[in-house]
Amino acid sequence: MNFSAYIDRFGLLAVGLVAFAAVLLALYGFAELASRRDRNRAVAFVFLAPAVLFLLVGLVYPAVRTVVMSFYDAKSENFVGFDNYVWAVTDPDALQILVNTAMWIVIVPMVSTALGLVYAVLIDGRAGEKVYKALVFLPMGISFVGASIIWKFVYQYNGAGGEQIGLLNQVIVWLGGSPVNWLNESPWNNLLLMVVLVWIEVGFATVVLSAALKGVPTEIVEAARIDGASPSEIFWNVTVPSIRSAIIVVAVTVFIATLKLFDIVRAMTQGHHGTDVLAHNMVEQAFRLFERGRGATLAVLLFLLVVPVVIYQVRNMRRQEMETR
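By our numbering, the letter at position 2 of the sequence shown is numbered 3, and the numbering carries on one by one without gaps.
Okay, structure coming up:
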């Protein structure tokens, strides 16, 4: 793009900003001219209008447009009804994608939350606790693509007779075994991809749950010890119920991050060898295969999977607020 094109874009942006500012000033003037009784309502409208406008343009319209596209063919020209949804639940490849996605959203949140909780309990109150937290939290600072490249080297396969640069295969060779092309072996390749996301999310789970553990009343723990409760009984009957809300928050957050997973699958296998998931195949259908209807259908299914979890989380937060009052 040449310099003049940048100037043109800058000019358009400037005009847009000026127009937006003019609209805000006009709305503010309307609020000032309003009667004193309605002034608060007018001022609220002034400040809410831009946010509502952005939500309508950037969220509501695309969502409605996606739902409409899911009922049309690849070029969004002919209405096909529920044909795309029938494809999503009957086609063998599409069913494999749904099964893979189900595996991800069950295994990754459960394992990440469990490992984070165990690690948080083990380092709680220990000398060097901050260092241990920092070490486990470090992967959170790496992008999904960067983490995928790191672990792809770990799983690297150079043939049965080649020199193995992949850590996992080299360990197997040292133990007298034969190297394995891990990323091509289904269903193990799905589990190995999940390891990458678990490696990233455990740090988040540890930090959140460790903070929650600090809020567990020591009086309750000491009372349980005096009553003769074992460490495992204290953990399951005292600690876990006390931090239940934090556990739910961690599990829901990891669940949503897992549903929109794209980077790891794209960087490591590109969805081949039975490793494709909804978020990745949605992009493939829409932008590589130019199947807009099917891509929109997968987007709608992804949305439908997220909505119940969000509703549950909102209700859970409201229940907690009522309990604290």
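Cβ coordinates follow ideal geometry from the N, Cα and C atoms, glycine included.
In its own chain, which residues sit with a C-beta less than 6 Å from the C-beta of residue i, not counting the 5 before and 5 after it?
| i | result |
| --- | --- |
| residue 146 | 264 and 268 |
| residue 85 | 71, 294, 295 and 298 |
| residue 116 | 203 |
| residue 270 | 184 and 276 |
Would you kindly work out how many angstroms separate the C-alpha atoms of residue i and residue j, rounded to a whole number?
| i | j | result |
| --- | --- | --- |
| residue 276 | residue 195 | 10 Å |
| residue 2 | residue 70 | Per-residue confidence for residue 2 stands at a pLDDT of 45, beneath the threshold of 50, marking its modelled position as unreliable; no derived number is given. |
| residue 225 | residue 239 | 8 Å |
| residue 197 | residue 228 | 42 Å |
| residue 111 | residue 46 | 43 Å |
| residue 220 | residue 321 | 22 Å |
| residue 9 | residue 58 | A caution first: residue 9 carries a pLDDT of 44, below 50, which makes its placement in the model unreliable, though a value can still be read off. Near 24 Å, if we compare the C-alpha coordinates of residue 58 and residue 9. |
| residue 81 | residue 165 | 51 Å |
| residue 200 | residue 113 | 8 Å |
| residue 230 | residue 305 | 44 Å |
| residue 160 | residue 232 | 49 Å |
| residue 53 | residue 128 | 50 Å |
| residue 222 | residue 63 | 51 Å |
| residue 13 | residue 78 | The predicted model places residue 13 with a pLDDT of 49, which falls under 50 and marks its position as unreliable, so this point remains unresolved. |
| residue 138 | residue 73 | 45 Å |
| residue 213 | residue 251 | 11 Å |
| residue 83 | residue 92 | 14 Å |
| residue 234 | residue 158 | 45 Å |
| residue 272 | residue 312 | 30 Å |
| residue 286 | residue 65 | 19 Å |
| residue 187 | residue 319 | 42 Å |
| residue 176 | residue 162 | 15 Å |
| residue 48 | residue 99 | 42 Å |
| residue 215 | residue 148 | 30 Å |
| residue 126 | residue 133 | 11 Å |
With a threshold of 8 Å on Cβ separation, who are the neighbours of residue i within its own chain once the five nearest residues in sequence on each side are excluded?
| i | result |
| --- | --- |
| residue 315 | none |
| residue 101 | 191, 275, 276, 277 and 278 |
| residue 144 | 264 |
| residue 153 | 184, 268 and 269 |
Within a Cβ cutoff of 7 Å, which residues of the same chain sit near residue i, ignoring the five residues on either side of it in sequence?
| i | result |
| --- | --- |
| residue 301 | 67, 68 and 71 |
| residue 156 | 167, 169, 183, 184 and 193 |
| residue 259 | 105, 106, 109, 110 and 198 |
| residue 75 | 291, 292, 293 and 294 |
| residue 189 | 183 |
| residue 303 | 260, 279, 280 and 283 |
Is it true that the CB of residue j sits closer than 8 Å to the CB of residue i?
| i | j | result |
| --- | --- | --- |
| residue 283 | residue 262 | no |
| residue 95 | residue 89 | yes |
| residue 191 | residue 249 | no |
| residue 1 | residue 257 | Residue 1 lies beyond the range of the chain shown here (2 to 326); nothing can be said about it. |
| residue 255 | residue 310 | no |
Taking 8 Å as the CB-CB cut-off, is residue i touching chain C?
| i | result |
| --- | --- |
| residue 256 | Going by chain labels, chain C is absent from the structure shown, which holds only one protein chain. |
Is it true that the stretch 154-172 meets the stretch 241-254, where meeting means three or more beta-carbon pairs spaced less than 8 Å apart? Because the criterion of three Cβ pairs below 8 Å is not met, the stretch 154-172 and the stretch 241-254 do not touch.
If you pair each beta-carbon of the stretch 208-226 with each one of the stretch 113-130, do three or more pairs fall below 8 Å? Yes, since at least three Cβ pairs between the stretch 208-226 and the stretch 113-130 fall closer than 8 Å, the two stretches touch.
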